[in-house]
Amino acid sequence: MRPYLYLMIIAAFCACAKEKVTTPELEVTTAGTTFKAGDTVSFVFQGNPDNITFYSGEPGRKYEHRQRTTVDADLQIQFSTLVQFGKIYPNLQLMVSNDFSGIADVEHVKAATWKDVSSKAVFSAGQDNTPSGVVSLKEFADSARHKLIYIAFRYTDTNKPEGQNRWVVRTFTANSVSADNVVTPMATMATAGWKAVDFKNPAFVWAVTQAQLLMPGSKNTDDNEDWVISKGLDPTAVKPDQGIALKNISTTLPAYKYVYTRPGTYRVVFEASAVRYNGEKRITRELTLTITP
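Numbered by mature numbering (1 follows the signal peptide of the UniProt record, and there is no 0), the letters in the sequence shown go through residues -17 to -1, 1 to 276 in order.
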(Lines of atoms letter the chains of each structure in order from A and count residues from 1; the text may use other names and numbers.)
(Lines give C-alpha, C1' and ligand atoms only; values in the text may rest on other atoms or scores of the structure.)
Protein backbone atom coordinates (compact mmCIF):
# COMPACT_ATOMS: atom_id res chain seq x y z
CA MET A 1 0.00 0.00 0.00
CA ARG A 2 2.77 2.42 0.92
CA PRO A 3 4.71 2.03 -2.38
CA TYR A 4 1.46 2.63 -4.27
CA LEU A 5 0.88 5.85 -2.30
CA TYR A 6 4.38 7.05 -3.13
CA LEU A 7 3.77 6.38 -6.82
CA MET A 8 0.54 8.40 -6.69
CA ILE A 9 2.35 11.35 -5.09
CA ILE A 10 5.14 11.23 -7.67
CA ALA A 11 2.63 11.04 -10.52
CA ALA A 12 0.71 14.02 -9.17
CA PHE A 13 3.91 16.02 -8.79
CA CYS A 14 5.00 15.22 -12.34
CA ALA A 15 1.59 16.25 -13.66
CA CYS A 16 1.86 19.60 -11.86
CA ALA A 17 5.40 20.11 -13.10
CA LYS A 18 4.24 19.65 -16.69
CA GLU A 19 1.41 22.18 -16.28
CA LYS A 20 2.09 25.10 -18.56
CA VAL A 21 1.49 28.73 -17.73
CA THR A 22 -1.27 29.90 -20.02
CA THR A 23 -1.13 33.22 -21.81
CA PRO A 24 -3.50 35.70 -20.13
CA GLU A 25 -6.41 37.06 -22.14
CA LEU A 26 -7.45 40.71 -22.04
CA GLU A 27 -9.10 43.21 -24.35
CA VAL A 28 -9.70 46.85 -23.39
CA THR A 29 -12.19 49.27 -24.92
CA THR A 30 -13.37 52.81 -24.20
CA ALA A 31 -16.31 54.89 -25.40
CA GLY A 32 -13.93 56.94 -27.56
CA THR A 33 -10.37 58.18 -27.88
CA THR A 34 -10.92 61.87 -27.12
CA PHE A 35 -12.08 63.19 -23.76
CA LYS A 36 -12.04 66.49 -21.91
CA ALA A 37 -9.80 67.12 -18.91
CA GLY A 38 -11.80 66.21 -15.83
CA ASP A 39 -13.98 63.67 -17.63
CA THR A 40 -14.20 60.14 -16.28
CA VAL A 41 -12.74 57.62 -18.73
CA SER A 42 -14.20 54.13 -18.37
CA PHE A 43 -11.97 51.26 -19.50
CA VAL A 44 -14.05 48.12 -20.13
CA PHE A 45 -12.31 44.74 -19.85
CA GLN A 46 -12.94 41.46 -21.63
CA GLY A 47 -11.08 38.53 -20.12
CA ASN A 48 -10.08 37.74 -16.57
CA PRO A 49 -6.28 37.58 -16.27
CA ASP A 50 -4.68 36.93 -12.89
CA ASN A 51 -3.23 40.44 -12.63
CA ILE A 52 -3.78 43.78 -14.36
CA THR A 53 -1.46 46.77 -13.99
CA PHE A 54 -2.43 50.18 -15.40
CA TYR A 55 0.02 52.73 -16.82
CA SER A 56 -1.83 56.00 -17.47
CA GLY A 57 0.89 57.53 -19.65
CA GLU A 58 1.25 60.51 -17.31
CA PRO A 59 4.65 61.54 -15.92
CA GLY A 60 5.74 58.89 -13.42
CA ARG A 61 3.19 56.40 -14.85
CA LYS A 62 4.72 55.56 -18.25
CA TYR A 63 5.07 51.92 -19.27
CA GLU A 64 8.18 52.61 -21.34
CA HIS A 65 9.91 54.02 -18.25
CA ARG A 66 9.09 51.13 -15.90
CA GLN A 67 12.75 50.00 -15.85
CA ARG A 68 14.39 53.40 -16.23
CA THR A 69 16.82 54.39 -13.48
CA THR A 70 18.64 57.25 -15.23
CA VAL A 71 17.22 60.36 -16.84
CA ASP A 72 18.56 63.49 -18.52
CA ALA A 73 17.69 66.09 -15.89
CA ASP A 74 18.49 69.53 -14.56
CA LEU A 75 19.36 70.26 -10.94
CA GLN A 76 17.52 73.45 -10.01
CA ILE A 77 18.13 75.18 -6.70
CA GLN A 78 16.50 78.12 -4.97
CA PHE A 79 17.45 79.90 -1.76
CA SER A 80 16.85 83.17 0.07
CA THR A 81 19.37 85.34 1.89
CA LEU A 82 19.89 88.28 4.24
CA VAL A 83 23.01 90.40 4.65
CA GLN A 84 23.51 92.87 7.52
CA PHE A 85 26.10 95.05 9.25
CA GLY A 86 29.30 96.59 8.02
CA LYS A 87 29.79 97.80 4.48
CA ILE A 88 27.53 95.59 2.40
CA TYR A 89 29.16 94.11 -0.69
CA PRO A 90 29.04 90.77 -2.57
CA ASN A 91 31.21 88.64 -0.32
CA LEU A 92 29.06 85.51 -0.40
CA GLN A 93 29.66 83.23 -3.39
CA LEU A 94 27.74 80.25 -4.75
CA MET A 95 30.19 77.49 -5.68
CA VAL A 96 29.64 74.13 -7.40
CA SER A 97 31.87 71.06 -7.79
CA ASN A 98 31.64 67.66 -9.47
CA ASP A 99 34.83 66.22 -8.01
CA PHE A 100 34.73 67.14 -4.32
CA SER A 101 35.42 64.05 -2.22
CA GLY A 102 32.77 64.83 0.37
CA ILE A 103 35.39 65.08 3.12
CA ALA A 104 34.81 68.42 4.81
CA ASP A 105 38.25 69.81 5.56
CA VAL A 106 40.46 72.49 4.05
CA GLU A 107 42.74 70.04 2.24
CA HIS A 108 39.93 68.29 0.38
CA VAL A 109 38.06 71.50 -0.43
CA LYS A 110 41.24 72.93 -1.98
CA ALA A 111 41.85 69.71 -3.93
CA ALA A 112 38.45 69.90 -5.63
CA THR A 113 37.56 71.89 -8.73
CA TRP A 114 35.01 74.57 -7.90
CA LYS A 115 33.13 76.86 -10.27
CA ASP A 116 31.75 80.20 -9.13
CA VAL A 117 28.13 80.41 -10.34
CA SER A 118 27.16 83.41 -8.20
CA SER A 119 26.10 85.34 -11.31
CA LYS A 120 23.20 82.90 -11.77
CA ALA A 121 21.61 83.96 -8.46
CA VAL A 122 20.30 87.08 -6.75
CA PHE A 123 21.76 87.80 -3.30
CA SER A 124 20.51 90.12 -0.58
CA ALA A 125 21.71 93.72 -0.61
CA GLY A 126 20.16 94.34 2.79
CA GLN A 127 16.62 93.05 2.30
CA ASP A 128 15.56 89.99 4.26
CA ASN A 129 14.45 86.80 2.49
CA THR A 130 15.78 87.96 -0.87
CA PRO A 131 14.90 85.16 -3.33
CA SER A 132 17.73 83.84 -5.48
CA GLY A 133 15.47 82.93 -8.37
CA VAL A 134 15.72 79.51 -10.01
CA VAL A 135 19.36 78.55 -10.48
CA SER A 136 19.93 75.88 -13.14
CA LEU A 137 22.93 73.60 -12.60
CA LYS A 138 22.28 71.40 -15.65
CA GLU A 139 25.83 71.90 -16.90
CA PHE A 140 27.01 69.84 -13.91
CA ALA A 141 24.52 66.97 -14.36
CA ASP A 142 26.02 63.87 -15.99
CA SER A 143 23.59 61.00 -16.60
CA ALA A 144 26.29 58.82 -18.18
CA ARG A 145 28.69 58.89 -15.24
CA HIS A 146 26.36 59.79 -12.38
CA LYS A 147 28.65 62.54 -11.12
CA LEU A 148 27.54 64.02 -7.82
CA ILE A 149 26.96 67.76 -7.59
CA TYR A 150 28.18 69.56 -4.45
CA ILE A 151 26.87 73.04 -3.67
CA ALA A 152 28.72 75.47 -1.40
CA PHE A 153 28.36 78.96 0.00
CA ARG A 154 31.79 80.63 0.36
CA TYR A 155 32.05 83.60 2.74
CA THR A 156 35.05 85.94 2.70
CA ASP A 157 35.66 89.22 4.51
CA THR A 158 38.53 91.34 5.75
CA ASN A 159 39.47 93.21 8.91
CA LYS A 160 38.01 96.61 8.01
CA PRO A 161 36.76 99.58 10.09
CA GLU A 162 33.10 99.01 9.19
CA GLY A 163 33.20 95.46 10.50
CA GLN A 164 32.44 92.20 8.74
CA ASN A 165 29.07 91.30 7.25
CA ARG A 166 26.55 88.94 8.75
CA TRP A 167 24.98 86.57 6.21
CA VAL A 168 21.97 84.30 6.67
CA VAL A 169 20.78 81.73 4.15
CA ARG A 170 17.13 81.50 5.18
CA THR A 171 15.81 78.81 2.85
CA PHE A 172 17.16 76.24 0.40
CA THR A 173 15.60 73.72 -1.98
CA ALA A 174 17.08 71.50 -4.68
CA ASN A 175 14.95 69.71 -7.27
CA SER A 176 15.64 67.37 -10.15
CA VAL A 177 13.64 68.47 -13.21
CA SER A 178 13.45 65.96 -16.08
CA ALA A 179 13.00 66.73 -19.77
CA ASP A 180 9.29 65.93 -19.48
CA ASN A 181 9.06 68.36 -16.55
CA VAL A 182 8.77 65.81 -13.76
CA VAL A 183 9.96 67.52 -10.56
CA THR A 184 11.63 65.31 -7.95
CA PRO A 185 12.65 66.92 -4.62
CA MET A 186 16.34 66.33 -3.86
CA ALA A 187 17.05 68.38 -0.74
CA THR A 188 15.82 71.11 1.59
CA MET A 189 17.64 73.22 4.13
CA ALA A 190 17.10 70.47 6.71
CA THR A 191 18.15 67.56 4.48
CA ALA A 192 20.99 69.01 2.38
CA GLY A 193 23.64 67.62 4.74
CA TRP A 194 25.51 70.90 5.21
CA LYS A 195 29.08 70.74 6.54
CA ALA A 196 31.07 73.80 7.59
CA VAL A 197 34.77 74.20 6.73
CA ASP A 198 36.84 76.97 8.34
CA PHE A 199 39.75 78.37 6.31
CA LYS A 200 40.56 81.48 8.38
CA ASN A 201 39.60 82.95 11.74
CA PRO A 202 38.07 80.04 13.71
CA ALA A 203 36.38 82.48 16.09
CA PHE A 204 33.66 83.14 13.49
CA VAL A 205 32.32 80.19 11.52
CA TRP A 206 29.11 79.01 9.85
CA ALA A 207 26.38 77.99 12.29
CA VAL A 208 24.40 75.17 10.67
CA THR A 209 20.89 74.29 11.80
CA GLN A 210 17.93 72.60 10.15
CA ALA A 211 16.31 76.03 9.80
CA GLN A 212 19.10 78.17 8.32
CA LEU A 213 22.81 78.80 7.69
CA LEU A 214 24.26 81.73 9.67
CA MET A 215 27.61 83.47 9.29
CA PRO A 216 27.92 85.97 12.20
CA GLY A 217 29.13 89.52 11.68
CA SER A 218 32.00 90.91 13.73
CA LYS A 219 34.20 93.96 14.32
CA ASN A 220 37.92 94.33 14.89
CA THR A 221 38.63 90.76 13.88
CA ASP A 222 41.01 89.02 11.50
CA ASP A 223 40.32 88.26 7.85
CA ASN A 224 37.86 85.44 7.46
CA GLU A 225 37.02 82.68 4.97
CA ASP A 226 34.47 79.97 5.60
CA TRP A 227 32.66 77.43 3.43
CA VAL A 228 29.48 75.48 4.02
CA ILE A 229 28.99 72.54 1.64
CA SER A 230 26.01 70.33 0.84
CA LYS A 231 25.99 66.58 0.40
CA GLY A 232 26.44 65.27 -3.14
CA LEU A 233 23.29 65.36 -5.29
CA ASP A 234 22.60 63.32 -8.43
CA PRO A 235 19.59 64.69 -10.33
CA THR A 236 19.92 62.03 -13.05
CA ALA A 237 19.14 59.08 -10.77
CA VAL A 238 15.41 58.35 -10.74
CA LYS A 239 13.04 55.69 -9.53
CA PRO A 240 11.42 53.62 -12.28
CA ASP A 241 7.89 54.63 -13.24
CA GLN A 242 5.23 52.53 -11.54
CA GLY A 243 1.87 51.32 -12.72
CA ILE A 244 -1.29 51.02 -10.65
CA ALA A 245 -2.17 47.45 -9.65
CA LEU A 246 -5.86 47.01 -10.51
CA LYS A 247 -6.50 43.36 -9.74
CA ASN A 248 -4.92 40.09 -8.64
CA ILE A 249 -5.85 36.42 -8.97
CA SER A 250 -8.43 36.59 -6.18
CA THR A 251 -10.51 39.41 -7.70
CA THR A 252 -12.51 40.16 -10.84
CA LEU A 253 -12.69 43.53 -12.54
CA PRO A 254 -15.12 44.23 -15.40
CA ALA A 255 -14.09 47.90 -15.80
CA TYR A 256 -11.88 50.64 -14.40
CA LYS A 257 -12.54 54.39 -14.26
CA TYR A 258 -9.88 57.09 -14.37
CA VAL A 259 -9.76 60.90 -14.63
CA TYR A 260 -7.12 62.83 -16.58
CA THR A 261 -6.74 66.38 -15.29
CA ARG A 262 -4.30 67.77 -17.86
CA PRO A 263 -4.70 68.08 -21.63
CA GLY A 264 -2.34 66.03 -23.77
CA THR A 265 -1.89 62.81 -25.70
CA TYR A 266 -1.40 59.74 -23.53
CA ARG A 267 -0.13 56.27 -24.37
CA VAL A 268 -2.20 54.08 -22.06
CA VAL A 269 -0.94 50.56 -21.34
CA PHE A 270 -2.60 47.71 -19.46
CA GLU A 271 -0.27 44.84 -18.57
CA ALA A 272 -1.96 41.49 -17.90
CA SER A 273 0.09 38.73 -16.30
CA ALA A 274 -0.07 35.14 -15.15
CA VAL A 275 2.63 34.35 -12.61
CA ARG A 276 3.21 30.79 -11.37
CA TYR A 277 5.92 28.89 -9.55
CA ASN A 278 7.06 27.41 -12.88
CA GLY A 279 7.05 30.59 -14.95
CA GLU A 280 5.11 33.63 -16.02
CA LYS A 281 3.55 35.17 -19.10
CA ARG A 282 2.62 38.77 -19.79
CA ILE A 283 0.74 40.64 -22.49
CA THR A 284 -0.02 44.32 -22.97
CA ARG A 285 -2.94 46.19 -24.45
CA GLU A 286 -2.44 49.79 -25.57
CA LEU A 287 -4.68 52.74 -26.33
CA THR A 288 -3.88 56.31 -27.30
CA LEU A 289 -6.10 58.92 -25.68
CA THR A 290 -6.31 62.62 -26.46
CA ILE A 291 -7.34 64.83 -23.55
CA THR A 292 -8.56 68.30 -24.53
CA PRO A 293 -8.98 71.40 -22.33
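Every residue, glycine too, gets a C-beta built ideally from N, C-alpha and C.
Under DSSP, the beta-bridge partners assigned to I212 are A135, K178. Taking 7 angstroms as the cut-off, the Cβ atoms of K214 and I35 do not count as close.
Taken in chain order, the complete beta strand (DSSP E) segments of 3 or more residues contained in the stretch 235 to 276 are 238 to 242, 247 to 259, 262 to 275. Its chain contains S126, A162 as the residues whose beta carbon lies nearer than 6 angstroms to that of D55, once the 5 sequence neighbours on both sides are disregarded; these appear in chain order. The C-beta of P168 has fewer than 16 other C-beta atoms within 10 Å across all chains shown, which makes the residue exposed. In the structure shown, the three-state DSSP call for S201 is strand. Here V89 is exposed. Its C-beta has fewer than 16 other C-beta atoms within 10 Å. Pairing P42 with V165, the inter-Cα distance amounts to about 6 angstroms.
For the 7 angstroms CB-CB criterion, Q59 and S115 do not form a contact. Relative to the Cα of L236, the nearest Cα in the group G15, D33, R259 belongs to D33. For K93, no beta strand (DSSP E) run applies; the uninterrupted alpha helix (DSSP H) run containing it begins and ends at 89 to 94, by DSSP.
If you draw a straight line from the Cα of F136 to the Cα of K98, it comes to about 12 angstroms. The Cβ atoms of K130 and N74 do not sit closer than 7 angstroms to each other. Classified as buried, K178 has 16 or more neighbouring CB atoms from the shown chains inside 10 Å of its CB. By a beta-carbon distance limit of 8 angstroms, T139 contacts E208. Their separation comes to about 5 angstroms.
L58 is bridged by DSSP to S159. Checking the DSSP bridge columns, you'll see I35 partnered with K230, A255. Here F18 carries a strand assignment [DSSP, helix/strand/coil].
Within 10 angstroms of the beta-carbon of P218 lie 16 or more other beta-carbons, which makes it buried. Rounded to the nearest angstrom, the gap between the Cα atoms of F37 and N261 is 25 angstroms. When DSSP states are grouped into helix, strand and coil, E122 belongs to the helix group. Here D224 is buried, its C-beta having at least 16 other C-beta atoms within 10 Å. Counting only residues of its own chain and dropping the five nearest sequence neighbours on each side, V66 has a CB closer than 6 angstroms to the CB of S107, N148, W150. Put simply, the backbone Cα of Y249 is about 35 angstroms away from that of A175. Separation of the CB atoms of I134 and V79 is rounded to 6 angstroms, and the pair is thereby assigned contact status at 8 angstroms.
The Cβ neighbour count for S159, taken over all protein chains shown within 10 Å, is at least 16; the residue is labelled buried. When only Cα atoms are considered, Q195 and A95 end up about 25 angstroms apart. Cβ-Cβ separation between V27 and A228: approximately 19 angstroms, too far for a contact (criterion under 8 angstroms). Listed as beta-bridge partners of F28 by DSSP are V11.
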